[in-house]
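Q:
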Amino acid sequence: DVKVTQSSRYLVKRTGEKVFLECVQDMDHENMFWYRQDPGLGLRLIYFSYDVKMKEKGDIPEGYSVSREKKERFSLILESASTNQTSMYLCASSGTGGNQPQHFGDGTRLSIL
Amino acid sequence: GDSVTQMEGPVTLSEEAFLTINCTYTATGYPSLFWYVQYPGEGLQLLLKATKADDKGSNKGFEATYRKETTSFHLEKGSVQVSDSAVYFCALSDWGTSGSRLTFGEGTQLTVNP
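Residue numbers (the numbering used here), protein chains in the order written: chain B, 262 to 374; chain H, -2 to 111.
(1) Where DSSP assigns a beta bridge to B/L302, which residues make up the other side?
(2) Using a C-beta to C-beta distance shorter than 8 Å, which residues of chain B count as neighbours of H/E39?
(3) Hey, could you find the ends of the alpha helix (DSSP H) B/S336 is sitting in?
(4) Answer with buried or exposed for B/R270, where buried requires no fewer than 16 other C-beta atoms within 10 angstroms of its C-beta.
(5) In its own chain, which residues sit with a C-beta less than 6 Å from the C-beta of B/M293, not counting the 5 before and 5 after it?
(6) Of the choices H/A14, H/T67, H/L43 and H/T108, whose alpha-carbon is the least far from that of H/C20?
(7) Along chain B, which residues have their Cβ under 7 Å away from the Cβ of H/F101?
(8) Since B/Q363 meets chain H, which of its residues come closer than 7 Å, beta carbon to beta carbon?
(9) Does B/T357 come within less than 8 Å of chain H when only Cβ atoms are used?
(10) Measure from the C-beta of B/L337 to each C-beta in chain H and report whether the shortest distance is under 8 Å.
(11) Going by DSSP, what residues sit across from H/S90 in a beta bridge?
(12) Is H/T9 helix, strand or coil when you go by DSSP?
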């Protein structure tokens, strides 16, 4: 089974801090994704990556950056955390091809105080 | 662009009732279709998928058939259990349009009462 592991289930940080959310997958998937999930807004794609050192903006990239130095690891960075970035963050990975499902981690519930 | 529309929730049923959650889509190509389930406090889990017209995906008693003529992928289960209480997301992948990206519906909250 595919395993997508997010480094923290719960995280509390302060406004202005630089925050790193880590995600690791064990299935040699090419594609990795970061979403945020908010009540009433559904799932929104922040960034994704099709290969090592490659990144693409999703629908809401403002205030975020990403890093993919190794195939199995995809990091989401909040450069200067703000309270409106309090949310549930979900990482996913998939193989290449339109019929490949995405496999999700358990999520990180991030609170910015 | 591609889009997915799910029936609005929340949906509340009694145990052993029949479940239908409607999902319709618009896509420019020939999408693959998925249902995901999210239990409280967890990430999304793939429930089932279908990759071409008339395919039926099934898992854990849930079923959905890819209907190209009606652009639908409704989720059904004959007899729900309390443990099925969760949020259900319909999604599509349209390789020619958006590569490996998924387009999600808004999600439908299901509560099953004993």
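Heads up, the beta-carbon is just placed ideally off N, CA and C, and yes, glycines get one too. No experiment lies behind these values; they were computed from the predicted model shown.
A: Let's see:
(1) BP columns for B/L302 are empty, so no partner.
(2) D367 and G368
(3) B/S336 -> not in any alpha helix (DSSP H); beta strand (DSSP E) instead, spanning R334 to L339.
(4) exposed
(5) S310, F335 and S354
(6) H/T67
(7) G303 and L304
(8) L99
(9) yes
(10) no
(11) H/S29 and H/L99
(12) strand
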